[in-house]
């Protein structure tokens, strides 16, 4: 089969399209020059390798010889992996959303040879259906318009780009300290959006948005408002029971199609695992509920087992679709790897224990998915926690210990059987930003769950990124795959990795992680900081030529600006550096109007502001602290503290630690400092517990 230029790319998404008859180009000067030379518009298609509708449009249109001939005749086709180039994706997504009122992937945009958009949309079917025009019809209309209405198109696209540039500029400025009334307003916004019956915020489809959890838990910590805590805990427990939670293998799928967390879109993303693990860990610290701890362990174990690279870093995602059986690898269905028929479970467990398992996990003989418009789950069951082990034992009039043990064994049997099925496609590229989020979760998980495997895994990933994803000039690289590190980093690479390194320092007390976090934040400020406050999304010349965007929306991933605010505040407190403090103040100032007007879009920014509102608190460990004392430091939810080790190397940042020493050689002292004054050092667990409480 012939290949196009994408065969030379490292992106799994681009390689998926390398054998299409469409004459794809990667984003770059070669394609731009061809468009100018041949006076053709560009057809830009943006997606990612685990995107379900991207696969659909490829099968229907990009693999079709006749449709590909139209694309090649009239346009210069370019493919972009949105996960490699989120800055390009963000610019054109803003256009598509403004032009059509919605967005998504695959994203389809037609550009002038100067890269200015003039038509946009998402998925187009191969013929007229779903109320959408067929893709060949769209291609012909646009080609005709380019020939007959060129002046109008050029004027319109230039006007659109000017609007996008104006939208990207700061919208105003406020005080450089957050008004606590804004956080009260934000709490009430989420209170109104909360689904008190089923958990979560808003209706179907329900996406996890852990930035909201981060804000609400910190708001609860400062105000004591129990409803803020309740919304998070109830949401996490509802998600843990649902089909969106992989009940056998751990981890969470991308989102729930319905409002009850039951039918998932089966894709698994690294950034979801990282953020949800942190939410479950923090909720466990507050409540002590082992169900929450179990969900966190399941996420972290899934990541270590299934999506950790030999180099120690973490892969990006697993697809929703997989082959229905090994004999037909190209016949794929959503969730095929995860769903079960009644007969399969009976064959594996026997009638009696299959009945127990079915009652526990909500299985039905004819399948349990009633609302299945595409008939993807006919006769199949999505596992969810319909009943507890205790309820199951009572229902079958059996001893609870017997049933509970049998259910544990049954899960192991089914998980082992599942491993023999064709796995979903693995997107095996390593992204610095998403690894930064996972390093944070694992660093915290190792301490909160008292499991060194997780901390060690966080350190292994950090060491890999520092060695392979940072150039000698300090610039981060975004993507690693197949031995190749490439693409200069974006804001989220700097912000998320710096955050992960600070969290890893607190978990290990290894100074090289703190030093690296400081150096990376300095490089971020050098390359990306706006003089008036905040950070640009990218320093790439092509993106800057189009729109120098400054994204601050906390969606499925937190924005780089929001994460940067907390990092700057933490580093300012650790180092005493006034330039970090000044950057944080400018960021609050330029973000405050939007936080006040639309707090729903900036929960992670508000979580960072909660750190700023809280009374300063530092905990400094000196000497050889026993494990019991370290466990106490991680037992309770204390998001506003700074945790330091009195290493002589720290003195250049925090001179006061030079005076913080144990009374005797080989001893221990823990200093708890609040509101710029320190309590007398404590030397044993009892005294430390009393002080921390």
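In the working numbering, the protein residues as written are 3 to 695. Yeah, the Cβ is synthetic: ideal placement off N, Cα and C, and Gly gets one too.
Query - Residue range of the unbroken beta strand (DSSP E) whose run includes residue 221 - result: That residue, residue 221, is in no beta strand (DSSP E); its alpha helix (DSSP H) goes 212–225.
Query raised in the report: Any idea what DSSP makes of residue 657, helix, strand or coil?
Result: helix
Query raised in the report: Who are the Cβ neighbours of residue 579 in its own chain at under 6 Å, not counting the five residues just before and after it?
Result: none
Report task. Figure out for me which residue from 176, 597 and 455 has the closest Cα to the Cα of residue 307. Result -> 455
Report task. Confirm, please, whether the CB-CB distance from residue 299 to residue 274 is below 8 Å. Result -> no
Query raised in the report: How about residue 623 and residue 647: do their beta carbons lie closer than 8 Å?
Result: yes
Query raised in the report: residue 294 to residue 324, Cα distance in whole Å?
Result: 29 Å
Query raised in the report: In terms of alpha-carbon separation, which member of 199, 595 and 112 lies closest to residue 175?
Result: 595
Report task. Pair every Cβ in the stretch 92–108 with every Cβ in the stretch 493–503, then say whether three or more of these pairs are closer than 8 Å. Result -> no
Query raised in the report: What do you reckon, are the CB atoms on residue 50 and residue 87 nearer than 8 Å?
Result: no
Query raised in the report: Where does residue 502 fall in DSSP's three states?
Result: helix
**Report entry** Residue nearest to residue 341 in terms of C-alpha spacing, selected from 370, 358 and 408
**Finding:** 370
Query raised in the report: What's the gap between the Cα of residue 30 and the Cα of residue 126?
Result: 25 Å
Requested in this report: Count the other C-beta atoms from every protein chain shown that fall within 10 angstroms of the C-beta of residue 427, then say buried if there are 16 or more, exposed otherwise.
Outcome: buried
Requested in this report: Using the Cα positions of residue 184 and residue 334, report the straight-line distance between them to the nearest angstrom.
Outcome: 48 Å
Requested in this report: Could you have a look at residue 105 and say whether DSSP puts it in helix, strand or coil?
Outcome: coil
Requested in this report: Please name the residue in 319, 218 and 262 whose C-alpha comes closest to that of residue 191.
Outcome: 218
Requested in this report: Excluding the 5 residues preceding and the 5 following residue 402 in the sequence, name in chain order all residues of the same chain whose CB lies nearer than 7 Å to its CB.
Outcome: 391, 392 and 395
Requested in this report: Could you check if residue 55 is buried or exposed, using at least 16 other CB atoms within 10 Å of its CB as the buried criterion?
Outcome: exposed
Query raised in the report: When the Cα atoms are used, what is the spatial distance from residue 182 to residue 569?
Result: 20 Å
Query raised in the report: Which whole-angstrom value describes the C-beta separation of residue 539 and residue 89, a residue pair presumed to lie in contact below a C-beta threshold of 8 Å?
Result: 5 Å
Query raised in the report: Among 213, 550 and 194, which one has its Cα closest to the Cα of residue 1?
Result: Nothing about residue 1 can be reported from this structure: the residues present for the chain run from 3 to 695 only.
Requested in this report: Using beta-carbon positions only, say whether residue 441 and residue 481 come within less than 8 Å of one another.
Outcome: no
Query raised in the report: Any idea what DSSP makes of residue 162, helix, strand or coil?
Result: helix
**Report entry** Closest residue to residue 345 among 198, 359, 505 and 61 (Cα-Cα distance)
**Finding:** 359
Query raised in the report: Using the beta-carbon count (16 or more within 10 Å), is residue 39 buried or exposed?
Result: exposed
Query raised in the report: Using CA coordinates, which residue listed in 607, 520 and 581 is at the minimum distance from residue 560?
Result: 607
Query raised in the report: Alpha carbon to alpha carbon, how far is residue 382 from residue 268?
Result: 14 Å
Query raised in the report: Is the Cβ-Cβ distance between residue 448 and residue 279 less than 8 Å?
Result: no
Requested in this report: Kindly indicate which residue of 644, 615, 675 and 633 has the alpha-carbon position closest to the one of residue 178.
Outcome: 615
Query raised in the report: Quick one: what's got a C-beta closer than 7 Å to residue 242's C-beta in the same chain, skipping five residues either side?
Result: 293 and 297
Query raised in the report: Is residue 489 helix, strand or coil by DSSP?
Result: strand
Query - Whole-angstrom distance between residue 149 and residue 210, CA atom to CA atom - result: 45 Å
Query raised in the report: Which stretch, first to last residue, makes up the alpha helix (DSSP H) that contains residue 306?
Result: 292–308
Query raised in the report: Given that a residue counts as buried once 16 or more other Cβ atoms are within 10 Å of its Cβ, and exposed if not, what is residue 600?
Result: exposed
Query raised in the report: So which of 669, 674 and 642 has the shortest CA-CA distance to residue 223?
Result: 642
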